[in-house]
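Going down the list, the sequences are from chains A and B. So that you can map any letter, position 171 of the first sequence is 556 in this note's numbering, and since no number is skipped, the others follow by simple counting. So that you can map any letter, position 136 of the second sequence is 521 in this note's numbering, and since no number is skipped, the others follow by simple counting. Below is one structure, written out as C-alpha cells, with a few remarks after it.
Protein chains: 2
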Amino acid sequence: MSVSNEKPAVEHLLHVAGEIFASKGASATVREICGEAGCSVAAINYYFGDKQQLYIRCVQTACEQKQQLFPLPKLEDGLPPDHLIRVFLRTMVSRIAGQANLSWHNTLMMREVLAPSPEIAKMLANNFRPDFELLDQLLGKLLGAKLDSDVNRRMLATQILARCMFLRTGKQLRQMLQINCEVSESPELYADSICDSILLQVRAMQMEANAC
Amino acid sequence: MSVSNEKPAVEHLLHVAGEIFASKGASATVREICGEAGCSVAAINYYFGDKQQLYIRCVQTACEQKQQLFPLPKLEDGLPPDHLIRVFLRTMVSRIAGQANLSWHNTLMMREVLAPSPEIAKMLANNFRPDFELLDQLLGKLLGAKLDSDVNRRMLATQILARCMFLRTGKQLRQMLQINCEVSESPELYADSICDSILLQVRAMQMEANAC
DNA sequence: AATTGTTTCAAACACCTGTTTTATCAGGCT
DNA sequence: AGCCTGATAAAACAGGTGTTTGAAACAATT
C-alpha cells in the first residue's frame with residue numbers, strides 16, 4: 386500500500402489532503418482536511434510547516450507515485466519506431482487515466498498543468514521534460530530522415546499532447562454533451578486510437594513526399 | 386464597445402470581475418474586485434444580490450459575447466462537406482483563441498468547462514449542444530453513407546474537441562515545455578491543421594472501405 | 001522510575017471573508 | 001423650495017481562515 390517510507394501520520398495526511406485538494410483546489414480548508422483525516426488542525430503546521438507546503442508535497446507525491454506505478458518500459462533502439470510510439474503512448478495514457486482509487490493524483494496534477502502555482506511550475510516542467518523529449522525523439526525516428534523537421538515533430542507532438550490531456554480535460558465536457566465515448570474508457574484503446582491516427586498521417590506524408 | 390445595454394456600473398463590474406475571476410477562480414474576493422473597479426464592496430450585493438450571482442453573470446456574458454463576436458456563418462447544404470467542416474472549425478477555433486483584450490472570456494469559460502459549478506453546468510451544456518450537434522451532423526455528411534456511424538462520428542468529434550480545447554488547456558504546458566508552436570498562434574492555421582488531419586483520416590477510411 | 005524527545009489536542013489568536021446596515025449624496029419631480 | 005428615488009461609501013457584523021500556543025499524552029531510553 387505505502388509507496389514511500391514516511392511516518393504514517395504524514396502519509397495519511399498527504400493522501401487525505403491530496404484527495405480534497407484535487408476536488409476543491411487549493412482553497413480547501415485545513416479544518417476540512419484535518420476533519421477528514423481525524424486529527425487536529427495543528428498537525429498540518431507541525432508536519433508540513435504550513436498549508437502551502439502540504440499542497441506542494443501533495444503534488445510532488447502525485448508525480449512520484451504515478452511514475453512509479455506506470456514505469457516506461459525499456460525502449461530498445463532496434464524495434465520499429467511505430468511500435469515504440471505505441472508502447473510510449475500506452476504508458477502515458479495509462480498514467481493519465483490512472484487507477485480508480487488513485488484518481489486524485491491525476492486530477493491534482495492536471496489542476497497544476499492547467500494553472501500552475503509559481504512554486505510548482507518548475508517542478509512539473511522538470512517532471513515532464515524527459516518524457517516529452519523522448520516523445521520528440523521517437524517522432525523523429527518515425528518521420529524518418531526525409532520528413533524529420535522541427536515543424537513536423539511539433540505538429541504531431543501537439544496532436545498527441547492534446548488528445549492525452551483530453552482524457553482528463555474533456556471529462557466534464559463529455560458529461561455535459563452526453564458523449565459516452567467508450568474508447569476513452571479503456572486506456573489501451575484510447576492510446577491505440579491516437580497512435581493509429583498519427584501513423585496514418587505520417588504514412589500520408591511519406592506518400593506525398595515520394596510522389597514529388 | 387458595450388455589447389449589452391446594462392447600466393454602466395453593472396457593465397464595468399462585470400468586466401472587472403470577469404477578468405479577476407478568470408485569473409484567480411471563484412475564490413477571488415469581493416474586496417479585490419471592488420478595489421480594482423474603484424467602488425465600495427456594497428456595490429456587488431446592491432447590483433447582483435451576492436457574489437455567486439455576479440460570478441454566474443460573468444460566465445453568462447462571456448458566453449453571449451463570444452457567440453456575438455464570432456457568429457457561425459450560414460452553412461448551406463449545397464457546399465461540399467469538407468468545406469463546411471473547415472468553416473465550422475475556423476469559427477470555433479477563433480472563439481476559443483479569442484481576442485487579446487477579451488481573453489478572460491475564454492479563460493473563465495474554460496474554467497467552467499473543466500470543473501463546472503453545479504449552477505452553471507446546465508447553462509454551458511445548453512450553450513454548447515447546438516454547436517456540437519451541428520458538428521456531429523457535418524461529420525456524418527463528411528463520412529458519407531458507407532462510413533457514417535455513431536462510433537466513427539464520435540471518434541472524429543473527440544479528436545476535434547481535444548485539439549480545440551488544447552488551444553487553451555495546453556497553454557501552460559506549452560510554456561512549461563517551451564514548445565512555441567507557431568501554428569497555435571494563428572487561429573486559421575490551427576483550424577486548418579485540425580481539418581486537414583481529419584480529412585486525411587476520412588479519406589484513408591474510405592480507401593480502406595473500398596478496398597474490401 | 002525518571003527523563004527525554006516526540007506527537008497530539010483544544011483553545012486562542014489575528015486576520016480575512018461575504019454581507020448588511022446606516023448615512024450621505026446627487027438628480028428629477030411637483 | 002421640498003420631496004423622493006436610486007446610487008455610493010464607510011463602518012459594523014457574524015462567521016470562517018491559517019497559524020500559534022501551552023499543556024497533556026505518549027513512547028523510548030537511561
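Just so it is clear, CB atoms sit at the ideal spot from N, CA and C, and this is done for glycine as well.
(request) Using a Cβ cut-off of 8 Å, pull out every chain B residue sitting near Ser582(A), in sequence order please. (result) Gln544, Ser582, Gln586
(request) Report the option in Asn390(B), Lys531(B), Gly525(B), Leu552(B) whose CA atom is closest to the CA atom of Arg539(B). (result) Gly525(B)
(message) At a CB distance below 7 Å, what residues from the region 489-515 of chain A approach chain B? Give them in sequence order.
(response) Val498, Leu499, Ala500, Pro501, Ala506, Leu509, Ala510, Phe513, Arg514
(request) Determine, using beta carbons only, whether Glu404(A) comes closer than 8 Å to chain B. (result) no
(request) If I'm right that Leu546(B) touches Asp467(B) with Cβ under 8 Å, what's the distance once you round it to whole angstroms? (result) No, Leu546(B) and Asp467(B) are not in contact; Cβ-Cβ is about 19 Å, not under 8 Å.
(request) Count the other CB atoms, across all protein chains shown, that sit within 10 Å of the CB of Tyr431(B); report buried if there are 16 or more and exposed otherwise. (result) exposed
(request) Compare the C-alpha of Ala500(B) against each of Leu493(A), Ile505(A), Ala506(A) and name the closest. (result) Leu493(A)
(message) Please return the same chain residues whose Cβ sits closer than 7 Å to the Cβ of Ile441(A), not counting the five positions on each side in sequence.
(response) Glu504, Ile505
(message) So with CB distances below 7 Å, who are the chain B contacts of Gln557(A)?
(response) Val498, Leu499, Ala500, Pro501
(request) Compare the C-beta of Leu562(B) with all C-beta atoms of chain A and state if any pair is closer than 8 Å. (result) yes
(message) If we define contact as Cβ-Cβ less than 8 Å, is Gly410(B) a contact residue for chain A?
(response) yes
(message) Can you find the residues in the same chain that come closer than 7 Å, C-beta to C-beta, to Gly483(B), ignoring five residues on each side of it along the sequence?
(response) His490, Asn491
(message) Since Thr543(B) and Cys566(A) should fall inside the 8 Å C-beta cutoff, what is the C-beta to C-beta distance between them, to a whole number of angstroms?
(response) 5 Å
(request) Whole angstroms is fine: what's the gap from Ser479(B)'s alpha carbon to Ser425(A)'s? (result) 50 Å
(request) For Val498(B), count neighbouring C-beta atoms within 10 Å of its own C-beta (all shown protein chains included) and say buried if the count is 16 or more, exposed if not. (result) buried
(request) Determine, using beta carbons only, whether Leu585(A) and Ala589(B) come nearer to each other than 8 Å. (result) yes
(request) For Met592(A), return the contacting residues in chain B, with the cut-off set at a CB-CB distance below 8 Å. (result) What Met592(A) touches in chain B: nothing, since even the nearest Cβ is about 11 Å away.
(request) Determine, using beta carbons only, whether Met540(A) comes closer than 8 Å to chain B. (result) yes
(message) If you reduce the DSSP assignment to three classes, tell me which class Gln453(B) lands in.
(response) helix
(message) Considering Cα atoms alone, identify which of Val444(B), Ile481(B), Gly555(B), Ala402(B) is closest to Met508(B).
(response) Val444(B)
(message) For Thr414(A), would you say it is in contact with chain B, using Cβ-to-Cβ distances shorter than 8 Å as the test?
(response) no
(request) With DSSP collapsed to three states, give me the class of Lys556(B). (result) helix
(request) Compute every distance between the C-beta of Leu398(B) and the non-hydrogen atoms of the ligand ADP, then say whether any falls below 7 Å. (result) Inclusion of the ligand ADP in the displayed structure is not the case, the ligand content being empty and no account of it being possible.
(request) Return the first residue and the last residue of the alpha helix (DSSP H) that Asn511(A) is part of. (result) 503-532
(message) Which residues in chain A have a C-beta closer than 7 Å to the C-beta of Cys566(B)? List them in chain order.
(response) Arg539, Thr543
(message) Give me, in chain order, the residues of the same chain whose beta-carbon lies closer than 7 Å to that of Phe406(B); leave out the 5 immediate sequence neighbours on both sides.
(response) Ala413, Tyr440, Cys443, Leu493
(message) Just checking: is the beta-carbon of Ser578(B) within a distance shorter than 8 Å of some beta-carbon in chain A?
(response) yes
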